[in-house]
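**Student:**
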Ligand SMILES: Nc1nc2c(ncn2[C@@H]2O[C@H](COP(=O)(O)OP(=O)(O)OP(=O)(O)O)[C@@H](O)[C@H]2O)c(=O)[nH]1
Ligand SMILES: [Mg+2]
């Protein structure tokens with residue numbers, strides 16, 4: 122008997138296990154009232170830079186925290202911690218994506234109910250993360266102007282599972298001859314109707330409309346939670362949330378067993 126059927130079975134089993142864990146996370150996030158947003162993109166598209174700006178701008182009014190995944194190093198957690206928000210790093214070793222059980226482990230000891238927003242930066246990869254539901258409410262897929270306009274059509278799976286597309290590094294658009302209309306056509310061809318924002322985390326352009334949309338999405342998903350009071354924001358620690366209205370469809374990417382640190386490195390106090 123060839124090995125192929127066995128491999129398929131193992132992948133299905135891993136994905137089913139992830140879906141069970143993600144469902145539990147989503148329920149937990151709902152109960153806690155925490156709105157959870159994940160960020161996916163190719164390596165270097167600007168997730169950390171964008172998230173650092175988001176954390177910095179939301180901190181004054183909302184209780185925010187972040188979890189960041191990378192194969193190695195805690196560089197991104199250190200960068201995000203400059204926002205003064207609590208941040209935890211997951212180091213995945215050889216695993217090219219985050220999984221729900223990794224998020225569950227990283228949440229250990231974090232009082233989710235004290236968080237308005239929890240952000241999860243996935244490992245930089247346009248393929249593997251699409252398969253794994255993390256229990257998030259909202260998935261952002263980022264594509265930078267330097268990557269070319271046709272990335273959505275080349276990597277459709279990640280766009281299929283995303284709720285909002287973000288075109289990043291717009292300050293470089295002219296220098297690289299970025300074709301905005303072609304990029305939007307490419308995104309809409311893969312995910313018709315998806316909301317798209319163009320931002321530059323470097324200059325701050327486009328951040329305000331995105332943050333307004335983010336708050337609206339949270340208000341719609343957590344109608345029982347009063348909007349946070351200005352000045353009440355405190356970097357409490359958190360668990361995540363998820364809406365469940367858009368399942369993350371497994372695609373069967375390659376996989377190795379997760380290797381999360383026993384105690385994820387944390388920056389900032391809960
Ligand atoms: N000019 C410009 N550079 C940016 C912008 N956003 C990010 N960069 C730069 O692009 C590089 C990669 O940005 P990161 O935020 O580290 O990208 P990332 O997606 O988090 O990367 P990984 O975590 O490795 O996948 C860095 O040198 C950033 O300074 C932007 O809006 N404009
Ligand atoms: Mg990063």
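Numbering (this note's numbering), first residue to last: 122 to 391.
Note that beta-carbon positions come from the ideal geometry of N, C-alpha and C, so glycine has one too.
Note that this is a predicted model, so its numbers are computed, not measured.
Where does residue 270 fall in DSSP's three states?
**Tutor:** Here residue 270 refers to the residue found at position 149 when the chain shown is read from its first residue. The answer is coil: DSSP assigns residue 270 none of H, G, I, E or B.
**Student:** By DSSP, does residue 259 sit in helix, in strand, or in coil?
**Tutor:** To locate residue 259, count along the chain shown from 1; it is residue 138. Note: residue 259 maps to strand in three-state DSSP.
**Student:** In whole angstroms, what separates the C-alpha of residue 225 from that of residue 219?
**Tutor:** Position 104 of the chain shown, counting from 1, holds the residue named residue 225. Position 98 of the chain shown, counting from 1, holds the residue named residue 219. Spanning the two alpha carbons is a distance of roughly 11 Å.
**Student:** Just the C-alpha distance for residue 189 and residue 300, rounded to the nearest angstrom, thanks.
**Tutor:** For the purposes of this step, residue 189 is identified with residue 68 of the chain shown, where counting begins at 1. For the purposes of this step, residue 300 is identified with residue 179 of the chain shown, where counting begins at 1. Going from the Cα of residue 189 to the Cα of residue 300 covers about 31 Å.
**Student:** Count the other C-beta atoms from every protein chain shown that fall within 10 angstroms of the C-beta of residue 173, then say buried if there are 16 or more, exposed otherwise.
**Tutor:** As a working note, residue 173 is residue 52 in the chain shown. That one is buried.
**Student:** Suppose contacts are defined by Cβ-Cβ distances below 8 Å. Is residue 261 in contact with residue 294 by that definition?
**Tutor:** For the purposes of this step, residue 261 is taken as residue 140 along the chain shown, with counting starting at 1. For the purposes of this step, residue 294 is taken as residue 173 along the chain shown, with counting starting at 1. Not a contact, by the Cβ cut-off of 8 Å.
**Student:** Can you tell me where the alpha helix (DSSP H) with residue 311 in it begins and where it stops?
**Tutor:** The sequence position of residue 311 within the chain shown is 190, counting from 1. Where residue 311 is concerned, the enclosing alpha helix (DSSP H) stretches over 301–311.
**Student:** From the DSSP output, read off the bridge partner residues of residue 387.
**Tutor:** Numbered from its first residue, the chain shown carries residue 387 at position 266. Paired residue(s): 209.
**Student:** List the whole-angstrom C-beta distance separating residue 319 from residue 288, where the pair is believed to meet the contact cut-off of C-beta under 8 Å.
**Tutor:** Position 198 of the chain shown, counted from the first residue, corresponds to residue 319. Position 167 of the chain shown, counted from the first residue, corresponds to residue 288. Confirmed, Cβ separation roughly 4 Å.
**Student:** From 312, 271, 279, 231, pick the residue whose C-alpha is nearest to that of residue 150; which is it?
**Tutor:** Your numbering for residue 150 matches position 29 in the chain shown. Closest by alpha carbon: 231.
**Student:** Is residue 272 near ligand 2, in the sense that its beta carbon is under 7 Å from a heavy atom of that ligand?
**Tutor:** Numbered from its first residue, the chain shown carries residue 272 at position 151. No, the Cβ of residue 272 stays beyond 7 Å of every heavy atom of ligand 2.
**Student:** Looking only at DSSP bridge pairs, what is residue 265 linked to?
**Tutor:** For the purposes of this step, residue 265 is taken as residue 144 along the chain shown, with counting starting at 1. DSSP lists 289 as partners of residue 265.
**Student:** Within the same chain, show all residues whose beta-carbon is closer than 8 Å to that of residue 246, passing over the 5 residues directly before and after it, in chain order.
**Tutor:** Locating residue 246 in the chain shown gives position 125, where the first residue counts as 1. The residues are 161, 163, 164, 217, 218.
**Student:** Are the region 200–216 and the region 165–185 in contact at 8 Å, needing three or more beta carbon pairs?
**Tutor:** Verdict: yes, contact present.
**Student:** Verify the contact flag: residue 213, CB atom, against every heavy atom of ligand 2, threshold strictly below 7 Å.
**Tutor:** Here residue 213 corresponds to residue number 92 of the chain shown, with the count starting at 1. Residue 213 Cβ: outside cutoff for every heavy atom of ligand 2.
**Student:** Using the three-state DSSP reduction, which class does residue 191 fall into: helix, strand or coil?
**Tutor:** Within the chain shown, the letter at position 70 stands for residue 191. Residue 191 falls in the strand class under three-state DSSP.
**Student:** In whole angstroms, what separates the C-alpha of residue 179 from that of residue 241?
**Tutor:** Position 58 of the chain shown, counting from 1, holds the residue named residue 179. Position 120 of the chain shown, counting from 1, holds the residue named residue 241. If you take the alpha carbons of residue 179 and residue 241, they lie about 15 Å apart.
**Student:** List, from N- to C-terminal side, the beta strand (DSSP E) runs of 3 residues or more that fit wholly inside the region 213–256.
**Tutor:** Fully enclosed beta strand (DSSP E) runs of 3 or longer: 238–242.
**Student:** Would DSSP call residue 159 helix, strand or coil?
**Tutor:** Counted from its first residue, the chain shown places residue 159 at position 38. Correct three-state label for residue 159: strand.
**Student:** Look at the Cβ atom of residue 291, then the Cβ atom of residue 264, and state whether they are nearer than 8 Å.
**Tutor:** Within the chain shown, the letter at position 170 stands for residue 291. Within the chain shown, the letter at position 143 stands for residue 264. Result no, Cβ atoms of residue 291 and residue 264 do not sit closer than 8 Å.
**Student:** So what does residue 316 bridge to, in DSSP terms?
**Tutor:** For the purposes of this step, residue 316 is identified with residue 195 of the chain shown, where counting begins at 1. DSSP output for residue 316 lists 285 as bridge partner(s).
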